[in-house]
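**Q** Residue numbers (the numbering used here): 26 to 173. Each residue gets a CB set at the ideal place from its N, CA and C atoms; glycine is no exception. Owing to the predicted nature of the structure, the values given are computational and were not obtained by experimental measurement.
If you want it as structure tokens, here you go:
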């Protein structure tokens, strides 16, 4: 599954529909442009939850408590999967960068400048996210204010 040309990453997300909060919803997110969508294989079941939200003021539940989810089958539909949307770690970003560089080599070999240009843009976005992740890991989430 693709978005802006990049491969989508599978994950579990928390989604609010009206007053209902649903956790562990199978979700696809683009690591380049950030677009996300409910996994197409479970979207029909999620529509039922959307209809329920019209009649329920407030609730919280896990998607796999009310829907049949074959996680192994879902994970096989995408080349990259992380169990938490917030945990797109260095390893996954490195794999996506490697994949992009492999495609870039093919684009160069085919002399497809348009495709190569798109892959350069994608690479720069992924590389920036990778550098940000590494910097965050080194500094930690909070930076001490300078005394002065």
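Quick one: complete alpha helix (DSSP H) runs, 4+ long, within the segment 106-165?
**A** Fully enclosed alpha helix (DSSP H) runs of 4 or longer: 115-134 and 138-164.
**Q** Please name the residue in 122, 155 and 156 whose C-alpha comes closest to that of residue 144.
**A** Ranking 122, 155 and 156 by Cα distance to residue 144 puts 122 first.
**Q** Indicate whether residue 115 and residue 158 have their beta-carbon atoms separated by less than 7 angstroms.
**A** Contact flag set, yes.
**Q** Taking residue 57 as part of the alpha helix (DSSP H), name the residues at either end of that continuous run.
**A** Neither: residue 57 is in no alpha helix (DSSP H) and is coded neither H nor E.
**Q** Please identify the residue among 70, 125 and 79 whose C-alpha is closest to the C-alpha of residue 151.
**A** When only C-alpha atoms are compared, the closest one is 125.
**Q** Helix or strand or just coil, what does DSSP make of residue 39?
**A** In this structure, residue 39 counts as strand in the three-state DSSP scheme.
**Q** Below 7 angstroms between beta carbons: does that hold for residue 31 and residue 156?
**A** Not a contact, by the Cβ cut-off of 7 angstroms.
**Q** Please classify residue 91: does DSSP put it in a helix, a strand, or coil?
**A** Helix, per DSSP.
**Q** Quickly, what does DSSP pair residue 45 with across the bridge? List them, please.
**A** DSSP, once it has assigned bridges, lists 42 and 84 as partnering residue 45.
**Q** In angstroms with no decimal places, state the Cα-to-Cα distance between residue 72 and residue 78.
**A** Those two C-alpha atoms are separated by around 10 angstroms.
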